[in-house]
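Novice:
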Amino acid sequence: MNSRLSIDSDHLLPQQRCPACGHLTNRAGGGAERPSEGDVMVCISCATALELGPGNLMIRLNTGKLSTEELAEVWAMQQAVKLAKKAVHAKRNKRTG
Ligand SMILES: [Zn+2]
Numbered sequence: 000m001n002s003r004l005s006i007d008s009d010h011l012l013p014q015q016r017c018p019a020c021g022h023l024t025n026r027a028g029g030g031a032e033r034p035s036e037g038d039v040m041v042c043i044s045c046a047t048a049l050e051l052g053p054g055n056l057m058i059r060l061n062t063g064k065l066s067t068e069e070l071a072e073v074w075a076m077q078q079a080v081k082l083a084k085k086a087v088h089a090k091r092n093k094r095t096g
């Protein structure tokens, strides 16, 4: 699996808002594969676990259906987003503070 994030045209989604926080997006990160129905993702803004539903529209992920292993993967994605946001804030504060 390619772990590099890709934001090229292969990863476009219909423009939409995160169902949890309202963050506007039209892209999914990911590897070589195009985003498709059933893919699990987390919001880059609020780290809510999401799933691509029909028409590649994001819906909240029903975590009750996931195995322990899948839950661990989702948790890892959420932690990665939270850490990235923290790092960006720290850099900004360093520059301005
Ligand atoms: Zn969100």
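Numbering (numbering that gives the first Met the number 0), first residue to last: 0 to 96.
Glycine included, every Cβ here is placed at the ideal spot set by N, Cα and C.
Everything numeric in this text was worked out from a predicted model, so none of it was measured.
1) Just checking, does the segment 68-84 make contact with the segment 30-47 on the three C-beta pairs under 8 Å criterion?
2) Name the residue from N55, E68, A75 whose alpha carbon lies nearest to the alpha carbon of R33.
3) When DSSP labels each residue in this structure, what does A86 get in the three-state scheme?
4) Where does A48 fall in DSSP's three states?
5) Between the Cα of D9 and those of N25, Q15, A86, P18, spot the shortest distance and give me the residue it belongs to.
Specialist: Taking the definition as stated:
1) yes
2) As a working note, residue 33 is residue 34 in the sequence shown. Looking at the Cα atoms, N55 is the closest of the given residues.
3) As a first step, residue 86 must be located in the sequence shown, where it is residue number 87. Residue state, collapsed to three classes: helix.
4) If you number the sequence shown from 1, residue 48 lands on position 49. A48 falls in the strand class under three-state DSSP.
5) What you label residue 9 is simply residue 10 of the sequence shown in a count that begins at 1. Closest option to D9, Cα to Cα, is N25.
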